[in-house]
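Line by line, the protein sequences give chains A and B. Residue numbers for the first sequence follow our numbering, so the first one is 474 and each next one is one higher. Residue numbers for the second sequence follow our numbering, so the first one is 474 and each next one is one higher. Every residue, glycine too, gets a C-beta built ideally from N, C-alpha and C. Here is the structure we will look at.
There are 2 protein chains.
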Amino acid sequence: MEPRISVVTLAVRDLAASRRFYLDGLGWGAVVDVPGEVVMVQVGAHVVLSLWDEAAFAAEVGPVARGDGVPPLTLAHNVATPAEVDEVLEAARAAGAPVVSAARTREWGGYSGYFADPDGFRWEVAHNPGPVGRLLLP
Amino acid sequence: MEPRISVVTLAVRDLAASRRFYLDGLGWGAVVDVPGEVVMVQVGAHVVLSLWDEAAFAAEVGPVARGDGVPPLTLAHNVATPAEVDEVLEAARAAGAPVVSAARTREWGGYSGYFADPDGFRWEVAHNPGPVGRLLLP
């Protein structure tokens with residue numbers, strides 16, 4: 474099995490709220506948009522983000538574990554400069570992100586902050602000046 | 474904010490077990506490998522999968538929600554033919570995946586099955602003959 478992620482699918486509790494946040498708020502375009510079912514956005518050359526209604530997700534994958542705290546994953550959006558980190562976090566705030574954590578310098582040498590989407594999924598907005606950071610920028 | 478995922482980070486409870494599964498079992502190579510902290514694997518042209526020790530994850534992002542059920546996301550690995558779906562699921566089983574769900578034909582026209590990694594994160598192995606599927610193949 475070659476190392477490759479084609480789709481990141483998030484189980485969302487209110488697809489209309491997710492749609493408002495990602496499409497209307499952040500201004501992203503959908504490659505698939507089926508009200509009440511799924512919204513898909515291209516987020517890389519061969520990568521799609523899928524926002525899937527939780528009931529449909531649970532029917533195929535299984536009941537979703539919930540509890541107090543954050544979901545056990547983050548999605549990072551890397552940018553070329555620290556200033557862009559602050560700009561993107563501000564854009565997320567303007568789009569209605571329910572949580573925005575200001576960026577700070579990280580011990581690995583970068584600069585990053587977080588915002589949450591309507592389901593609490595955390596996005597890290599990051600500038601990474603190291604070799605992995607250079608690999609990530611298109 | 475442009476639509477782009479740079480890194481998918483999973484909070485893992487036993488990094489040594491994750492390392493055995495992904496690196497030794499599936500044979501993936503790491504771009505970063507710090508025992509007890511993090512393993513990173515390149516999974517796309519500008520995309521990295523990060524397996525991050527849960528304690529470190531929680532210290533930066535927050536306590537992780539746990540409960541009965543599956544994590545609220547899946548990662549899909551798309552392939553070019555239905556036969557490859559079965560081959561990859563078998564490779565995951567041979568690598569020690571604790572759960573493997575046989576592939577089946579899906580109502581959206583494709584063919585897919587799932588396996589779980591040591592933390593229960595579900596990977597969907599999929600063949601999608603439609604336009605989104607063609608977009609996903611490198």
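Which listed residue (the options) has its alpha carbon closest to that of residue i
i        : options                                   : result
Thr482/B : Ala568/A, Val561/A, Leu548/A and Leu608/A : Leu548/A
Val512/A : Leu608/A, Leu488/A and Gly582/A           : Leu488/A
Ala599/A : Asp592/A, Phe588/A and Ala528/A           : Phe588/A
Ala490/A : Tyr584/A, Arg477/A, Gly569/A and Leu608/A : Gly569/A
Pro545/B : Leu524/A, Val558/A, Ala503/A and Arg477/A : Leu524/A
Val558/B : Gly583/B, Gly535/B, Pro536/B and Gly540/B : Gly583/B
Glu475/B : Ser574/A, Gly606/A, Ala556/A and Asn551/A : Asn551/A
Thr554/B : Val521/B, Pro602/B and Val520/B           : Pro602/B
Trp581/B : Val561/A, Ala529/A, Gly540/A and Phe594/A : Ala529/A
Leu522/A : Ser585/A, Ala576/A and Ile478/A           : Ile478/A
Arg577/B : Glu533/A, Arg492/A and Ala556/A           : Glu533/A
Pro571/A : Gly593/A, Ala531/A, Ala556/A and Glu560/A : Gly593/A
Phe494/B : Glu597/B, Ala567/B, Arg579/B and Ala575/B : Ala567/B
Arg595/A : Gly535/B, Gly502/B and Arg492/B           : Gly535/B
According to DSSP, residues forming a beta bridge with residue i
i        : result
Glu597/A : Ala549/A and Tyr587/A
Val485/B : Asp526/B
Arg577/B : Ser585/B
Val617/B : The structure shown has nothing for residue 617/B, since chain B only spans 474 to 611.
Val507/A : Val511/A
Check whether residue i and residue j have beta carbons under 8 Å apart
i        : j        : result
Ala538/B : Gly542/A : yes
Leu608/B : Gln515/A : yes
Asp526/A : Val485/A : yes
Val505/A : Val605/B : yes
Val573/A : Ala564/A : no
Gly586/B : Leu562/B : yes
Gly509/A : Gly517/B : no
Residues that residue i contacts on chain E, provided the C-beta gap is smaller than 9 Å
i        : result
Gly517/B : Protein chains in the displayed structure are A and B, and chain E is not among them.
Fully enclosed by the segment 510-571 of chain B, which beta strand (DSSP E) runs are 3 residues long or longer?
For the beta strand (DSSP E) assignment, the uninterrupted runs of no fewer than 3 residues enclosed by the segment 510-571 of chain B are, from N- to C-terminal side, 511-517, 520-526 and 546-551.
Quick one, which residues of the segment 530-557 of chain A are near chain B if we go by CB-CB under 7 Å, in chain order?
Against chain B - using a Cβ distance shorter than 7 Å - the residues of the segment 530-557 of chain A are Val534, Gly535, Pro536, Val537, Ala538, Arg539, Gly540, Asp541, Gly542, Val543, Pro544, Pro545, Leu546, Thr547, Leu548, Ala549, His550 and Asn551.
Anything in the segment 497-512 of chain B with a Cβ closer than 8 Å to a Cβ of chain A? List those residues in chain order, please.
Within the segment 497-512 of chain B, those residues whose Cβ lies closer than 8 Å to any Cβ of chain A are, in chain order, Leu499, Gly500, Trp501, Gly502, Val504 and Val505.
Members of the segment 564-582 of chain B near chain A, C-beta cut-off 7 Å
Going along the segment 564-582 of chain B in chain order, one finds Ala564 and Ala565 with a Cβ nearer than 7 Å to chain A.
If the cut-off is 7 Å on Cβ atoms, which residues from the segment 596-607 of chain B count as contacting chain A, listed in chain order?
Residues Val605.
Where the segment 480-494 of chain A meets chain B: residues whose CB sits under 7 Å from a CB there
For the segment 480-494 of chain A, which is checked against every Cβ of chain B, the residues closer than 7 Å are Val480, Val481, Thr482, Leu483 and Ala484.
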